[in-house]
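Take any residue in the sequence shown, count from 1 to its spot, add 8: that is its number in the working numbering. For glycine and all other residues, C-beta sits at the position ideal for the given N, C-alpha and C. Written below as structure tokens is the structure these notes are about.
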Amino acid sequence: MPTPPLTSDSIPAFAREVIALYTETMPEVRFPDLDLQVLESTAAELRAALLCVERATAELEAARTAAQQHGELLEARAERALSYARVFAEGDALLSERIVALGRSKSAPVAHSTPPKKRGRPRKNPAGDTSLFEAEPVSAVQGIGSAA
């Protein structure tokens, strides 16, 4: 079985360089437990393992997407079922209380016992004083533009 070229980024650069060295200059050199064939087969095993990782990652992502979609569908259906239950329980105080206790009412108004706290920094000046400078009253005698 021919192996694909080893120029892929999946093979570490150092290993690619050593395989290229053996391929170009020492294809027939063999050591007791290491030669070009052993290097190439190990690189092929690495590629196969990385391919398995890619497939498993794709399957995991697909499973996560499916789980998220099913979760969103269940939430929507549960919200709709609660709306139906609200209508059904209009004459039953105990059932209505239990439904209200679930707390997922989009249509029911939320009653606050105290108004919400204002956010931000408090004003330095009282609300009535919005001018930057104090204004001096101008008398009719003084007029505008004349020196005092």
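{"Asked": "Close beta carbons around Leu110, own chain, < 7 Å, minus the five adjacent residues each side", "Found": "Leu90"}
{"Asked": "Touching by the beta-carbon criterion (3+ pairs, under 8 Å), the segment 29-42 and the segment 69-82", "Found": "no"}
{"Asked": "Cα-Cα separation between Glu36 and Leu44, rounded to whole angstroms", "Found": "8 Å"}
{"Asked": "Ala160 classed as buried or exposed, judged by whether at least 16 other C-beta atoms fall within 10 angstroms", "Found": "The displayed coordinates of the chain run from 9 to 156. Any statement about residue 160 would go beyond what the structure contains."}
{"Asked": "Residue environment, Ala66, which counts as buried when at least 16 other CB atoms sit within 10 Å", "Found": "exposed"}
{"Asked": "Between the CA atoms of Leu81 and Val46 - distance to the nearest angstrom", "Found": "52 Å"}
{"Asked": "Alpha-carbon to alpha-carbon, Gln77 and Arg24", "Found": "43 Å"}
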